[in-house]
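S.K.:
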Amino acid sequence: MKRSLRSRGFTLVELVIVLLIIAALMTIALPGYRDHLLRTRRAVASSELLAVLARQEQFYIEHKRYAASLVALGYPESPFALDGEGNTWPALAPEGVYLIDISMLSQGFALHAQPQRAQSADRACGTLTLNWQGLKTVTGNQSAARCW
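Each residue of the sequence shown is one higher than the one before, starting from 19 at the first, in our numbering.
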C-alpha cells in the first residue's frame, strides 16, 4: 500500500484566501448594518416624541395648560434617556442613545431627541424636534421628511 505524503487539512494559502473573502464581505456589509442601526434608533426616537406629544395633549385637556416638564407627564425624570429598543433610562445612563427633553416656548412647547453615544454618528439628521403644532425639524443636513 502506498501512503500519501500530503496530510489532510488546509494550507496557509487557502486560509489566507478565506480570510480575504471574509474581510471583503465585512467591508461591504458593515456600513450598511451601521446605517440600519442608526435609522432604527432614529425611528424609535421619533416614535417616542410622538408618544410624548400625545401625553402632552392629554395633559392640556385635563389642566388647560401644557406641562413644563416630562415628570409632570409621568416620565421618571426630565430629561430622560432612551435606548435603541425604546426603554427609558436616567439621563446619564450608558444605555441611552437619545436624550429626550422638553422646552417651553411662548406659545407652546418643543420636544427634542438629541443623539447620544453611538447615535451621535447620525450627522444626517442630528437632533429631532417636534413642536406643539406637530412641526417636525432636524439639525442635520437631511430633510425633516427623510429623517422622520
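No residue lacks a Cβ here, since even glycine has one placed at the ideal position from N, Cα and C. Predicted model only: the values in this text are computed from it and were never measured.
1. Determine the DSSP secondary structure at residue 110, reduced to helix, strand or coil.
2. Check whether the Cβ atoms of residue 106 and residue 128 lie closer than 9 Å to each other.
3. Tell me which same chain residues have a C-beta within less than 6 Å of the C-beta of residue 104, skipping the five on either side of it?
4. Since residue 45 is in the alpha helix (DSSP H), which residue starts that stretch and which ends it?
5. Identify every residue that forms a DSSP beta bridge with residue 149.
6. Spatial neighbours of residue 89 within its chain, please: CB distance less than 6 Å, with the 5 preceding and 5 following residues excluded, ordered by chain position.
7. Quick one, are the C-beta atoms of residue 159 and residue 123 less than 9 Å apart?
8. By DSSP, does residue 121 sit in helix, in strand, or in coil?
9. Is there a C-beta anywhere in chain D that falls below 9 Å from the one on residue 47?
10. Can you find at least 3 beta carbon pairs, one from the region 51–71 and one from the region 112–121, that sit closer than 8 Å?
11. Going by other Cβ atoms of all chains shown within 10 Å of its Cβ, with 16 needed for buried, is residue 86 buried or exposed?
M.R.: In terms of the structure at hand:
1. One-based indexing of the sequence shown puts residue 110 at position 92. If DSSP states are grouped into helix, strand and coil, residue 110 belongs with coil.
2. Numbered from its first residue, the sequence shown carries residue 106 at position 88. Numbered from its first residue, the sequence shown carries residue 128 at position 110. No, they are not a contact pair.
3. Locating residue 104 in the sequence shown gives position 86, counting from the first residue. Excluding positions up to five away in sequence, the list reads 62.
4. Within the sequence shown, numbered from 1, the residue matching residue 45 stands at position 27. 30–81 is the extent of the alpha helix (DSSP H) around residue 45.
5. Your numbering for residue 149 matches position 131 in the sequence shown. Answer is 128.
6. Looking up residue 89 in the sequence shown gives position 71. Scanning its chain for C-beta atoms nearer than 6 Å, with the 5 sequence neighbours on each side dropped, one finds around residue 89 the residues 96, in chain order.
7. Within the sequence shown, numbered from 1, the residue matching residue 159 stands at position 141. Within the sequence shown, numbered from 1, the residue matching residue 123 stands at position 105. Cβ distance not < 9 Å, so residue 159 and residue 123 don't count as in contact.
8. Position 103 of the sequence shown, counted from the first residue, corresponds to residue 121. Correct three-state label for residue 121: strand.
9. Protein chain content of the structure displayed is limited to a single chain, and chain D is not contained in it.
10. yes
11. Walking along the sequence shown from the start, residue 86 turns up at place 68. So residue 86 ends up on the exposed side.
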